[in-house]
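Below is one structure, written out as C-alpha coordinates, with a few remarks after it.
Numbering (my numbering), first residue to last: 979 to 1245.
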(Lines of atoms letter the chains of each structure in order from A and count residues from 1; the text may use other names and numbers.)
(Lines give C-alpha, C1' and ligand atoms only; values in the text may rest on other atoms or scores of the structure.)
Protein backbone atom coordinates (compact mmCIF):
# COMPACT_ATOMS: atom_id res chain seq x y z
CA UNK A 1 0.00 0.00 0.00
CA UNK A 2 1.48 3.36 -1.01
CA UNK A 3 1.48 6.51 1.03
CA UNK A 4 -1.53 8.74 0.30
CA UNK A 5 -0.16 11.82 -1.41
CA UNK A 6 -3.02 14.16 -2.18
CA UNK A 7 -3.23 17.13 -4.49
CA UNK A 8 -1.62 18.18 -7.73
CA UNK A 9 1.74 16.47 -7.24
CA UNK A 10 0.72 12.87 -6.68
CA UNK A 11 4.18 11.42 -7.17
CA UNK A 12 6.09 14.04 -5.22
CA UNK A 13 9.21 12.65 -3.54
CA UNK A 14 12.05 14.37 -1.76
CA UNK A 15 15.66 13.36 -1.31
CA UNK A 16 16.12 11.18 1.74
CA UNK A 17 18.25 12.79 4.44
CA UNK A 18 18.71 12.02 8.10
CA UNK A 19 17.01 14.28 10.59
CA UNK A 20 20.39 15.32 11.97
CA UNK A 21 21.50 16.40 8.49
CA UNK A 22 18.21 18.22 7.83
CA UNK A 23 18.41 20.15 11.10
CA UNK A 24 22.14 20.84 11.19
CA UNK A 25 21.89 24.40 9.73
CA UNK A 26 18.78 25.25 11.78
CA UNK A 27 19.61 25.77 15.48
CA UNK A 28 16.05 26.72 16.47
CA UNK A 29 14.51 23.70 14.77
CA UNK A 30 17.21 21.46 16.20
CA UNK A 31 16.54 22.73 19.73
CA UNK A 32 12.77 22.27 19.44
CA UNK A 33 12.77 18.84 17.82
CA UNK A 34 15.64 17.31 19.80
CA UNK A 35 13.28 16.61 22.69
CA UNK A 36 10.58 15.22 20.43
CA UNK A 37 12.43 12.24 19.00
CA UNK A 38 11.30 8.86 20.34
CA UNK A 39 11.88 6.69 22.23
CA UNK A 40 13.02 9.19 24.88
CA UNK A 41 11.34 12.28 23.43
CA UNK A 42 7.69 13.23 23.47
CA UNK A 43 6.48 14.61 20.12
CA UNK A 44 3.72 17.19 19.95
CA UNK A 45 0.55 16.46 18.03
CA UNK A 46 0.94 19.52 15.78
CA UNK A 47 3.92 21.45 14.43
CA UNK A 48 4.21 24.52 12.24
CA UNK A 49 7.45 24.36 10.24
CA UNK A 50 7.94 27.89 8.91
CA UNK A 51 10.69 29.47 6.86
CA UNK A 52 11.41 30.90 3.40
CA UNK A 53 11.12 28.77 0.25
CA UNK A 54 14.02 26.37 -0.13
CA UNK A 55 15.00 26.51 3.54
CA UNK A 56 14.62 22.76 3.99
CA UNK A 57 11.24 22.52 5.76
CA UNK A 58 9.94 19.70 3.60
CA UNK A 59 13.12 17.64 3.84
CA UNK A 60 13.10 18.04 7.61
CA UNK A 61 9.42 17.09 7.77
CA UNK A 62 10.06 13.88 5.84
CA UNK A 63 13.04 13.00 8.02
CA UNK A 64 11.05 13.80 11.18
CA UNK A 65 8.17 11.63 9.97
CA UNK A 66 10.60 8.76 9.39
CA UNK A 67 11.85 9.03 12.98
CA UNK A 68 8.31 9.00 14.36
CA UNK A 69 7.20 6.05 12.24
CA UNK A 70 10.34 4.02 12.89
CA UNK A 71 9.84 4.13 16.66
CA UNK A 72 9.34 0.55 17.83
CA UNK A 73 9.54 -0.90 14.32
CA UNK A 74 11.42 -4.21 14.01
CA UNK A 75 13.21 -2.92 10.90
CA UNK A 76 13.74 0.83 11.18
CA UNK A 77 15.84 0.85 8.02
CA UNK A 78 12.87 -0.38 5.99
CA UNK A 79 10.69 2.35 7.50
CA UNK A 80 13.17 5.08 6.58
CA UNK A 81 13.53 3.69 3.05
CA UNK A 82 9.76 3.62 2.47
CA UNK A 83 9.30 7.12 3.87
CA UNK A 84 12.03 8.30 1.50
CA UNK A 85 10.30 6.59 -1.45
CA UNK A 86 6.88 7.84 -0.37
CA UNK A 87 5.42 4.36 0.15
CA UNK A 88 4.83 4.17 3.90
CA UNK A 89 1.09 3.73 4.61
CA UNK A 90 1.14 5.78 7.81
CA UNK A 91 2.51 8.94 6.16
CA UNK A 92 0.06 11.17 4.31
CA UNK A 93 1.56 14.08 2.36
CA UNK A 94 -0.89 16.77 1.29
CA UNK A 95 -0.33 19.28 -1.51
CA UNK A 96 -3.00 21.71 -2.59
CA UNK A 97 -5.09 20.93 -5.66
CA UNK A 98 -6.25 24.50 -6.18
CA UNK A 99 -4.11 26.95 -8.11
CA UNK A 100 -3.87 29.31 -5.15
CA UNK A 101 -5.82 27.57 -2.38
CA UNK A 102 -5.89 24.35 -0.43
CA UNK A 103 -9.48 23.24 -0.81
CA UNK A 104 -11.62 21.44 1.72
CA UNK A 105 -11.51 18.36 -0.50
CA UNK A 106 -7.74 18.25 -0.10
CA UNK A 107 -8.04 17.51 3.60
CA UNK A 108 -11.60 16.29 4.29
CA UNK A 109 -10.99 12.59 3.56
CA UNK A 110 -7.17 12.39 3.60
CA UNK A 111 -6.80 14.11 6.98
CA UNK A 112 -10.00 14.88 8.87
CA UNK A 113 -11.63 11.50 8.20
CA UNK A 114 -8.44 9.44 8.00
CA UNK A 115 -7.12 10.66 11.34
CA UNK A 116 -9.91 8.72 13.07
CA UNK A 117 -8.44 5.43 11.81
CA UNK A 118 -5.59 3.85 13.72
CA UNK A 119 -2.17 3.36 12.07
CA UNK A 120 -1.76 0.57 9.54
CA UNK A 121 1.55 -0.74 10.89
CA UNK A 122 3.39 1.90 12.92
CA UNK A 123 2.40 3.18 16.35
CA UNK A 124 1.68 6.60 14.84
CA UNK A 125 0.25 8.33 11.79
CA UNK A 126 1.88 11.45 10.36
CA UNK A 127 0.13 14.03 8.17
CA UNK A 128 2.21 16.68 6.40
CA UNK A 129 0.47 19.66 4.77
CA UNK A 130 2.50 21.74 2.33
CA UNK A 131 1.65 25.44 1.88
CA UNK A 132 -0.65 25.38 4.88
CA UNK A 133 -1.09 29.16 4.58
CA UNK A 134 -3.13 28.46 1.43
CA UNK A 135 -5.95 26.73 3.34
CA UNK A 136 -9.21 28.36 2.36
CA UNK A 137 -11.70 29.30 5.05
CA UNK A 138 -13.71 26.07 4.89
CA UNK A 139 -10.61 23.86 4.85
CA UNK A 140 -9.10 25.77 7.78
CA UNK A 141 -12.28 25.30 9.80
CA UNK A 142 -12.24 21.55 9.18
CA UNK A 143 -8.57 21.24 10.04
CA UNK A 144 -9.09 23.20 13.25
CA UNK A 145 -11.45 20.53 14.58
CA UNK A 146 -8.72 17.92 14.09
CA UNK A 147 -6.12 20.12 15.78
CA UNK A 148 -8.42 20.69 18.76
CA UNK A 149 -8.98 17.00 19.51
CA UNK A 150 -6.31 14.87 17.82
CA UNK A 151 -6.06 11.17 18.69
CA UNK A 152 -2.96 10.23 20.63
CA UNK A 153 -1.35 8.47 17.64
CA UNK A 154 -1.72 11.38 15.18
CA UNK A 155 0.91 14.01 14.40
CA UNK A 156 0.34 16.89 11.99
CA UNK A 157 3.16 18.92 10.45
CA UNK A 158 2.13 22.10 8.66
CA UNK A 159 4.64 23.71 6.29
CA UNK A 160 4.53 27.37 5.34
CA UNK A 161 6.66 30.23 4.11
CA UNK A 162 4.05 32.71 5.38
CA UNK A 163 3.02 31.83 8.94
CA UNK A 164 1.26 35.16 9.36
CA UNK A 165 -1.27 34.14 6.71
CA UNK A 166 -2.54 31.24 8.82
CA UNK A 167 -5.51 31.84 11.13
CA UNK A 168 -4.50 32.55 14.73
CA UNK A 169 -6.66 29.63 15.85
CA UNK A 170 -4.51 27.21 13.86
CA UNK A 171 -1.15 28.80 14.68
CA UNK A 172 -1.90 28.76 18.40
CA UNK A 173 -2.48 25.00 18.35
CA UNK A 174 0.84 24.18 16.67
CA UNK A 175 4.36 24.23 18.05
CA UNK A 176 6.32 26.66 15.89
CA UNK A 177 9.61 25.45 14.39
CA UNK A 178 11.68 28.05 12.52
CA UNK A 179 13.84 27.29 9.48
CA UNK A 180 16.28 29.89 8.18
CA UNK A 181 17.41 30.48 4.60
CA UNK A 182 20.75 28.79 3.83
CA UNK A 183 23.77 31.00 3.25
CA UNK A 184 25.36 31.32 -0.18
CA UNK A 185 28.39 29.40 1.10
CA UNK A 186 26.21 26.53 2.28
CA UNK A 187 24.42 26.40 -1.07
CA UNK A 188 27.80 26.24 -2.82
CA UNK A 189 28.80 23.26 -0.69
CA UNK A 190 25.45 21.60 -1.36
CA UNK A 191 25.86 21.95 -5.12
CA UNK A 192 29.47 20.78 -5.08
CA UNK A 193 28.38 17.70 -3.12
CA UNK A 194 26.05 16.94 -6.06
CA UNK A 195 28.95 17.07 -8.51
CA UNK A 196 28.57 20.67 -9.67
CA UNK A 197 31.85 22.45 -10.47
CA UNK A 198 32.99 25.24 -8.13
CA UNK A 199 32.44 28.11 -10.59
CA UNK A 200 28.96 26.98 -11.58
CA UNK A 201 28.10 26.21 -7.95
CA UNK A 202 29.09 29.74 -6.92
CA UNK A 203 27.02 31.34 -9.70
CA UNK A 204 23.92 29.24 -9.01
CA UNK A 205 24.19 29.75 -5.26
CA UNK A 206 24.24 33.52 -5.72
CA UNK A 207 21.34 33.49 -8.17
CA UNK A 208 19.26 31.31 -5.84
CA UNK A 209 19.05 34.06 -3.18
CA UNK A 210 18.93 31.62 -0.27
CA UNK A 211 16.59 29.08 -1.89
CA UNK A 212 18.16 25.60 -1.93
CA UNK A 213 15.50 24.18 -4.25
CA UNK A 214 16.12 26.99 -6.75
CA UNK A 215 19.88 26.47 -6.53
CA UNK A 216 19.49 22.78 -7.35
CA UNK A 217 17.11 23.56 -10.21
CA UNK A 218 19.57 26.06 -11.68
CA UNK A 219 22.53 23.71 -11.43
CA UNK A 220 21.08 20.31 -12.29
CA UNK A 221 18.97 18.73 -15.01
CA UNK A 222 17.62 21.28 -17.48
CA UNK A 223 18.68 24.15 -15.24
CA UNK A 224 22.02 24.95 -16.94
CA UNK A 225 20.38 24.96 -20.39
CA UNK A 226 17.61 27.29 -19.26
CA UNK A 227 20.00 29.55 -17.36
CA UNK A 228 22.38 29.89 -20.33
CA UNK A 229 19.51 30.63 -22.72
CA UNK A 230 18.09 33.20 -20.29
CA UNK A 231 21.49 34.91 -20.02
CA UNK A 232 21.80 35.10 -23.82
CA UNK A 233 18.27 36.47 -24.12
CA UNK A 234 18.88 39.11 -21.45
CA UNK A 235 22.17 40.12 -23.06
CA UNK A 236 20.47 40.45 -26.46
CA UNK A 237 17.76 42.67 -24.97
CA UNK A 238 20.33 44.91 -23.30
CA UNK A 239 22.68 45.26 -26.26
CA UNK A 240 20.20 45.06 -29.10
CA UNK A 241 22.47 42.54 -30.79
CA UNK A 242 20.41 39.45 -31.51
CA UNK A 243 22.13 36.51 -33.14
CA UNK A 244 19.75 33.64 -33.69
CA UNK A 245 16.90 32.97 -31.30
CA UNK A 246 18.44 32.16 -27.90
CA UNK A 247 15.03 32.10 -26.26
CA UNK A 248 14.04 29.06 -28.33
CA UNK A 249 16.33 26.85 -26.25
CA UNK A 250 14.85 28.28 -23.06
CA UNK A 251 11.28 27.69 -24.23
CA UNK A 252 12.05 24.18 -25.48
CA UNK A 253 13.70 23.26 -22.19
CA UNK A 254 10.82 24.71 -20.19
CA UNK A 255 8.35 22.76 -22.33
CA UNK A 256 10.30 19.55 -21.75
CA UNK A 257 10.26 20.14 -18.00
CA UNK A 258 6.53 20.84 -18.12
CA UNK A 259 5.79 17.64 -20.03
CA UNK A 260 7.83 15.63 -17.53
CA UNK A 261 6.00 17.23 -14.60
CA UNK A 262 2.63 16.53 -16.23
CA UNK A 263 3.54 12.90 -16.79
CA UNK A 264 4.53 12.56 -13.14
CA UNK A 265 1.18 13.93 -11.98
CA UNK A 266 -0.83 11.46 -14.08
CA UNK A 267 1.18 8.34 -13.15
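Ideal placement from N, C-alpha and C gives every residue a C-beta, glycine not left out.
- Between the alpha carbons of residue 1125 and residue 1233 lies a distance of about 41 Å.
- Assigned with DSSP and collapsed to three states, residue 1015 falls in coil, not helix or strand.
- CA-to-CA, the gap between residue 1155 and residue 1139 works out to about 12 Å.
- The alpha helix (DSSP H) runs lying completely inside the stretch 1150 to 1181 and spanning 4 residues or more are 1162 to 1171, given in chain order.
- Contact between residue 1004 and residue 1128 does not hold, since the beta-carbon distance rounds to 25 Å and is not under 8 Å.
- Counting only runs of at least 3 residues, the stretch 1043 to 1075 fully encloses the following beta strand (DSSP E) elements, listed from N- to C-terminal order: 1069 to 1072.
- Counted as a single uninterrupted DSSP element, the stretch harbouring residue 1096 is not any alpha helix (DSSP H), since DSSP gives it neither H nor E.
- For residue 1089, no alpha helix (DSSP H) encloses it, and the DSSP letter there is neither H nor E.
- Between residue 1039 and residue 1135, the beta carbon gap of about 5 Å places them in contact (Cβ cut-off 8 Å).
- Residue 1111 holds the alpha-carbon nearest to the alpha-carbon of residue 1079 among 1174, 1111 and 1153.
- In the structure shown, residue 1006 falls within a helical segment according to DSSP collapsed to helix, strand and coil.
- Residue 1165 holds the alpha-carbon nearest to the alpha-carbon of residue 1188 among 1181, 1165, 1176 and 1175.
- According to DSSP, residue pairing for residue 1134 in a beta bridge involves 1024 and 1105.
- A direct Cα-Cα distance of roughly 18 Å separates residue 1053 from residue 1104.
- Linking residue 1089 to residue 1056 through their CA atoms gives a straight-line distance of about 24 Å.
- Within the same chain, 1022 and 1025 come within 6 Å of residue 1153 by CB-CB distance, once the 5 residues on both sides are set aside.
- Note: residue 1113 is bridge-paired with 1080 in the DSSP secondary-structure output.
- Contact check between the stretch 1061 to 1081 and the stretch 1167 to 1181: fewer than three CB pairs, one atom from each, fall below 8 Å, which does not count as touching.
- Contact between residue 1062 and residue 1137 does not hold, since the beta-carbon distance rounds to 18 Å and is not under 8 Å.
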